[in-house]
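Undergrad: Protein chains in written order, with numbering that gives the first Met the number 0: chain A, 0 to 171; chain B, 0 to 171; chain C, 0 to 171; chain D, 0 to 171. For every residue, glycine included, the Cβ atom is placed at its ideal position computed from N, Cα and C.
Protein chains: 4
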Amino acid sequence: MIAPELNVSQWFNTDEDITLAGLRGKVVVIEAFQMLCPGCVAHGLPLAQKVQRAFPKEAVVVLGLHTVFEHHEAMKPVSLAAFLHEYRITFPVGVDAVGAGAIPKTMESYQLRGTPSLLLIDKAGVLRANHFGDVSELRLGAEIATLLSEVWDDRETPDVSPVTVCTPDGCG
Amino acid sequence: MIAPELNVSQWFNTDEDITLAGLRGKVVVIEAFQMLCPGCVAHGLPLAQKVQRAFPKEAVVVLGLHTVFEHHEAMKPVSLAAFLHEYRITFPVGVDAVGAGAIPKTMESYQLRGTPSLLLIDKAGVLRANHFGDVSELRLGAEIATLLSEVWDDRETPDVSPVTVCTPDGCG
Amino acid sequence: MIAPELNVSQWFNTDEDITLAGLRGKVVVIEAFQMLCPGCVAHGLPLAQKVQRAFPKEAVVVLGLHTVFEHHEAMKPVSLAAFLHEYRITFPVGVDAVGAGAIPKTMESYQLRGTPSLLLIDKAGVLRANHFGDVSELRLGAEIATLLSEVWDDRETPDVSPVTVCTPDGCG
Amino acid sequence: MIAPELNVSQWFNTDEDITLAGLRGKVVVIEAFQMLCPGCVAHGLPLAQKVQRAFPKEAVVVLGLHTVFEHHEAMKPVSLAAFLHEYRITFPVGVDAVGAGAIPKTMESYQLRGTPSLLLIDKAGVLRANHFGDVSELRLGAEIATLLSEVWDDRETPDVSPVTVCTPDGCG
């Protein structure tokens with residue numbers, strides 16, 4: 000499926016609003032996190048920062064998405080701003096828009112299981128991976144490179160299968 | 000260049016001798032190490048073990064190469080055998096053949112700078128990367144996947160450029 | 000010097016207010032932190048949790064002190080409460096009272112250099128160590144045990160020298 | 000009990016033979032290891048090196064003991080010498096003397112359960128702790144400091160209880 004558009008109420012670390020539609024032709028890595036989630040701080044966000052450093056930004060765009068689904072009063076944008084400053088997070092981070100219940104809107108549309116979640120979107124805008132929890136760096140590097148190696152032609156029907164790291168001859 | 004053939008005096012963890020010529024069509028990852036090299040034990044060999052687990056063995060072959068260039072009396076095959084057992088290394092490991100001087104023969108032919116070194120060989124048998132020291136897992140995963148995505152046709156002239164993880168549209 | 004009394008506006012993880020005066024006869028370890036300080040989250044607070052587990056609570060009391068001196072709006076008590084819950088911090092934590100300027104009152108009276116800071120107070124209530132930044136676990140364990148080995152007699156003049164881990168015969 | 004004397008066939012990193020009897024008045028930390036034991040390389044030996052750095056050598060003596068009980072051919076002194084050089088181990092290391100069976104003599108007399116084992120001997124020469132496997136740095140620091148705080152008088156009956164890190168008022 001085409002990855003649902005982001006529904007963001009406020010952006011940090013960018014002067015202009017970002018849409019997935021505006022990123023066609025690039026591989027997009029979205030780190031969905033909460034600033035008070037220990038696994039996000041220890042693993043998820045450092046991994047996103049490594050992706051930001053490892054790949055050329057013309058090819059791979061890293062975004063953060065602050066998907067607060069608990070302790071809403073504790074993680075308001077004023078706190079997030081200080082958090083991003085202290086942890087030196089420099090990629091754009093969007094605040095997921097408040098939803099009808101506790102779950103924010105983008106988190107709902109992607110059916111995320113919790114935080115951290117890492118989403119991979121290909122050049123055609125198709126959601127190709129949705130990882131919850133720990134992610135192997137080797138596998139993630141391979142998945143990103145696999146998406147980079149795909150030729151993008153916006154007239155084609157996009158590939159809708161999950162990304163796999165394999166040979167043309169078969170794989171696992 | 001076509002990766003020089005391995006010059007191995009003894010193999011562990013395999014019943015038959017292994018040649019690079021026999022691995023055409025697969026991506027080959029070679030971890031060159033010494034059993035008493037702290038960086039090999041702490042980083043190089045664990046990384047090779049992660050590669051072994053992360054990719055299907057039909058597509059990616061992991062080999063160890065014991066390139067002893069110092070303390071030769073300390074790292075004889077009887078010691079290597081115990082080391083491989085204790086560290087639970089299960090991929091095939093070849094003992095690099097003794098050379099004219101301190102440097103063993105395969106290490107010499109690849110002009111390795113030391114240990115650990117990680118070599119990447121593509122499906123056509125071309126040496127595409129030669130990393131000395133620490134290697135980023137994300138980058139290595141991307142490099143392996145890039146080699147996996149290449150179509151191998153043994154009649155073609157092989158690609159002789161270093162592996163890069165990029166888009167068809169440009170990269171860094 | 001006798002360690003200055005804590006000036007705390009609100010306590011978490013305890014039903015009653017805590018005073019240093021009430022802890023005479025015990026060794027007290029105070030972890031001064033800010034919830035959005037990366038070094039506190041990665042090192043300072045985990046170390047305090049290890050102290051809590053390693054020593055009998057009848058002998059060693061671990062306290063947290065939330066000494067906010069920047070980003071005050073970002074680290075209000077409602078955010079701290081969620082932080083303590085998510086990071087499973089179960090020792091008592093006091094919110095350092097707002098001071099005349101950015102520096103809170105207890106932080107000012109101890110002349111702390113920043114966060115994380117770890118304070119060691121002996122059985123007689125004397126401040127015996129004030130560590131800023133990373134602390135060696137071995138040294139800290141030794142310092143705590145040295146304070147534990149001191150005989151406390153509330154009529155005596157307390158020892159006012161910094162804690163040292165040494166022999167009666169001399170040390171370094 | 001008075002710690003059994005070391006039975007060592009060869010010493011490294013010292014010009015003269017070392018005996019426990021010659022170390023009365025000092026706290027002695029013995030790291031029993033095998034050079035091909037992964038837990039020794041990853042945890043035991045680095046911890047012994049930290050002890051060496053954390054305490055004054057006049058007060059705390061760190062020794063290594065190479066207790067080979069398996070793969071004897073793989074870990075002969077020529078291999079150990081290269082290992083100590085590569086891992087930059089500078090404290091004295093003794094080779095435990097070959098016993099009647101696979102277990103070397105000192106290992107037998109201390110009834111060690113395996114490697115790594117860490118032995119603590121007090122100023123009077125009494126064995127006060129025998130830790131197998133992982134050791135908490137905080138606890139070890141505390142144990143060493145507790146032994147350091149004991150007054151040694153060679154006429155007294157030595158304390159034969161295990162070292163505990165506690166108050167005179169009670170502990171756990």
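1) Hey, C:Phe68 and C:Ile29 are a contact pair by Cβ (cut 8 Å); roughly how many whole angstroms apart?
2) Quick check for students: name the residue ranges of the alpha helix (DSSP H) that lie wholly in the segment 36–108 of chain B, counting only runs of 4 or more.
3) Does the beta-carbon of A:Asp168 have 16 or more other beta-carbons within 10 angstroms, so that it is buried, or is it exposed?
4) Given a threshold of 16 other Cβ atoms within 10 Å of its Cβ, counted over all protein chains shown, does B:Val150 qualify as buried or as exposed?
5) So that I know if they touch, is there some Cβ in chain C lying closer than 8 Å to that of D:Leu22?
6) If you compare alpha carbons, which of D:Leu35, D:Cys36, D:Val60 is closest to D:Ala20?
7) Across the segment 68–78 of chain D and the segment 39–47 of chain D, are there enough close Cβ pairs to call them in contact, namely three or more that are closer than 8 Å?
8) Chain B partners of A:Leu137, CB-CB under 7 Å?
9) Compare the C-alpha of C:Leu137 against each of D:Pro37, D:Val50, D:Thr18 and name the closest.
10) Taking the Cβ atom as the reference point for each residue, do B:His70 and B:Pro115 lie within a distance shorter than 8 Å?
11) Taking all protein chains shown into account, do 16 or more other C-beta atoms lie within 10 angstroms of the C-beta of D:Phe32, making it buried, or fewer, making it exposed?
12) Does the beta carbon of B:Thr18 come closer than 8 Å to any beta carbon on chain A?
13) Between the beta-carbon of A:Leu22 and the beta-carbon of A:Gly93, is there less than 8 Å?
14) Can you name the residues of chain C whose CB is closer than 7 Å to the CB of D:Thr66?
15) Would you report the Cα separation of B:Thr13 and B:Ala58, rounded to the nearest angstrom?
16) Which residues, taken in chain order from the segment 108–136 of chain D, show a beta carbon closer than 7 Å to some beta carbon of chain B?
17) With 8 Å as the threshold, decide whether the Cβ of C:Glu85 is near any Cβ in chain D.
18) Checking contacts by CB at 8 Å: is A:Ser160 closer than that to chain B?
19) Does the count of Cβ pairs from the segment 116–131 of chain D and the segment 123–131 of chain C closer than 8 Å reach three?
20) What number of angstroms, rounded off, separates the C-alpha of D:Arg52 from the C-alpha of D:Glu85?
21) Distance check for A:Lys56 and B:Gly171, CA to CA, integer angstroms please.
22) So what does DSSP say about D:Ile17, is it helix, strand or coil?
23) Would you tell me roughly how many angstroms separate the C-alpha atoms of B:Ala80 and C:Tyr109, rounded to the nearest one?
24) Locate the beta strand (DSSP E) running through D:Leu118, then write down its first and last residues.
25) What's the gap between the Cα of A:Gly24 and the Cα of C:Thr89?
26) Should C:Met34 be labelled buried (16 or more other beta-carbon atoms within 10 Å of its own) or exposed?
27) Per DSSP, what kind of secondary structure is B:Ser8 in: helix, strand or coil?
28) Who pairs with C:Leu126 in a beta bridge, going by DSSP?
29) Grab me the residues of D:Cys39's own chain with a C-beta within less than 7 Å of its C-beta, minus the 5 sequence neighbours each way, in chain order.
30) In terms of residue numbering, what span does the alpha helix (DSSP H) encompassing D:Ile1 cover?
31) Under DSSP, the alpha helix (DSSP H) around B:Glu30 begins and ends at which residues?
32) Using three-state DSSP, classify B:Val162 as helix, strand or coil.
33) Can you check whether the CB of D:Thr145 is closer than 8 Å to the CB of D:Val162?
34) Note down, in chain order, all residues in the segment 71–103 of chain B with a beta-carbon under 9 Å from any beta-carbon belonging to chain D.
35) Closest Cβ-Cβ distance between C:Ala41 and chain D: below 8 Å?
36) Quick one: using the 10 Å Cβ neighbour count with 16 as the cut-off for buried, is B:Gly100 buried or exposed?
TA: Reading it off the structure:
1) The residue labelled residue 68 of chain C in the question sits at position 69 within the third sequence. The residue labelled residue 29 of chain C in the question sits at position 30 within the third sequence. About 16 Å; that fails the 8 Å criterion.
2) The qualifying runs are 44–53, 76–85, 104–108.
3) Your numbering for residue 168 of chain A matches position 169 in the first sequence. Any reading at A:Asp168 needs caution, since the residue's pLDDT is 40, under 50, leaving its predicted position unreliable; the model's value is listed next. Looking at its Cβ environment, which holds fewer than 16 other Cβ atoms inside 10 Å, A:Asp168 is exposed.
4) Counted from its first residue, the second sequence places residue 150 of chain B at position 151. So B:Val150 counts as exposed.
5) Translated into the one-based positions of the fourth sequence, residue 22 of chain D becomes position 23. Interface annotation, D:Leu22: not in contact with chain C, CB-CB separation never under 8 Å.
6) As a first step, residue 20 of chain D must be located in the fourth sequence, where it is residue number 21. Comparing Cα positions, the closest option is D:Val60.
7) No: fewer than three Cβ pairs fall under 8 Å.
8) Along the first sequence, one-based indexing puts residue 137 of chain A at 138. In chain order: Lys49, Val50, Ala53, Glu136, Leu139, Gly140.
9) Indexing the third sequence from 1 puts residue 137 of chain C at position 138. Answer by Cα proximity: D:Val50.
10) To locate residue 70 of chain B, count along the second sequence from 1; it is residue 71. To locate residue 115 of chain B, count along the second sequence from 1; it is residue 116. Cβ distance not < 8 Å, so B:His70 and B:Pro115 don't count as in contact.
11) Here residue 32 of chain D corresponds to residue number 33 of the fourth sequence, with the count starting at 1. Label assigned to D:Phe32: buried.
12) In the second sequence, counting from the first residue as 1, residue 18 of chain B sits at position 19. Interface with chain A (8 Å Cβ-Cβ cutoff): B:Thr18 is excluded.
13) Taking the first sequence and counting its residues from 1, one reaches residue 22 of chain A at position 23. Taking the first sequence and counting its residues from 1, one reaches residue 93 of chain A at position 94. Cβ atoms of A:Leu22 and A:Gly93: not closer than 8 Å.
14) The residue you call residue 66 of chain D lines up with position 67 of the fourth sequence. Simply none; closest approach about 23 Å.
15) Taking the second sequence and counting its residues from 1, the one referred to as residue 13 of chain B is at position 14. Taking the second sequence and counting its residues from 1, the one referred to as residue 58 of chain B is at position 59. When rounded, the distance between both Cα atoms is 18 Å.
16) Among the residues of the segment 108–136 of chain D, none has a Cβ less than 7 Å away from any Cβ of chain B.
17) Here residue 85 of chain C refers to the residue found at position 86 of the third sequence. Not an interface residue.
18) Walking along the first sequence from the start, residue 160 of chain A turns up at place 161. False, the Cβ-Cβ gap to chain B never drops below 8 Å.
19) Of all C-beta pairs linking the segment 116–131 of chain D to the segment 123–131 of chain C, fewer than three are shorter than 8 Å, placing the two stretches out of contact.
20) Here residue 52 of chain D corresponds to residue number 53 of the fourth sequence, with the count starting at 1. Here residue 85 of chain D corresponds to residue number 86 of the fourth sequence, with the count starting at 1. Rounded to whole angstroms, D:Arg52 to D:Glu85 spans 18 Å at the Cα level.
21) Here residue 171 of chain B refers to the residue found at position 172 when the second sequence is read from its first residue. Here residue 56 of chain A refers to the residue found at position 57 when the first sequence is read from its first residue. Unreliable placement is indicated for B:Gly171, whose pLDDT of 36 sits below 50; the coordinate value is still reported in the next sentence. Their backbone Cα atoms lie some 9 Å apart in a straight line.
22) Within the fourth sequence, residue 17 of chain D is the residue found at index 18, counting from 1. Assigned with DSSP and collapsed to three states, D:Ile17 falls in coil, not helix or strand.
23) As a first step, residue 80 of chain B must be located in the second sequence, where it is residue number 81. As a first step, residue 109 of chain C must be located in the third sequence, where it is residue number 110. Between the alpha carbons of B:Ala80 and C:Tyr109 lies a distance of about 58 Å.
24) Sequence index remark: in the fourth sequence, residue 118 of chain D carries index 119 (1-based). Counting along the chain, the unbroken beta strand (DSSP E) around D:Leu118 starts and ends at 116–120.
25) Translated into positions along the first sequence, residue 24 of chain A becomes position 25. Translated into positions along the third sequence, residue 89 of chain C becomes position 90. Approximately 49 Å between the Cα atoms of the pair.
26) Here residue 34 of chain C is taken as the residue at index 35 of the third sequence, counted from 1. Label assigned to C:Met34: buried.
27) On the second sequence, residue 8 of chain B is found 9 positions in, with the first residue counted as 1. In the three-state reduction of the DSSP assignment, B:Ser8 falls in the strand class, which pools E and B.
28) Reading the third sequence from its first residue, position 127 is the one you call residue 126 of chain C. Looking at the DSSP output, C:Leu126 shares a beta bridge with C:Ile120.
29) Residue mapping note: residue 39 of chain D aligns to position 40 of the fourth sequence, counting from 1. The answer, listed in chain order, is Phe32, Gln33, Thr114, Pro115.
30) Here residue 1 of chain D refers to the residue found at position 2 when the fourth sequence is read from its first residue. Premise fails: D:Ile1 is in no alpha helix (DSSP H) and is neither H nor E.
31) As a first step, residue 30 of chain B must be located in the second sequence, where it is residue number 31. Unbroken run through B:Glu30 is the beta strand (DSSP E), 26–32; no alpha helix (DSSP H).
32) As a first step, residue 162 of chain B is located in the second sequence; it is residue number 163 there, counting from the start. Under the three-state reduction of DSSP, B:Val162 is assigned to coil, being neither helix nor strand.
33) The sequence position of residue 162 of chain D within the fourth sequence is 163, counting from 1. The sequence position of residue 145 of chain D within the fourth sequence is 146, counting from 1. Yes. Within cutoff.
34) Those residues of the segment 71–103 of chain B that come within reach of chain D (Cβ to Cβ, closer than 9 Å) are Glu72, Ala73, Met74, Lys75, Val77, Ser78, Leu79, Ala80, Ala81, Phe82, His84, Glu85, Tyr86, Arg87.
35) As a working mapping, residue 41 of chain C is identified with position 42 in the third sequence. Closer than 8 Å: no.
36) For the purposes of this step, residue 100 of chain B is identified with residue 101 of the second sequence, where counting begins at 1. Flag for B:Gly100 reads exposed.
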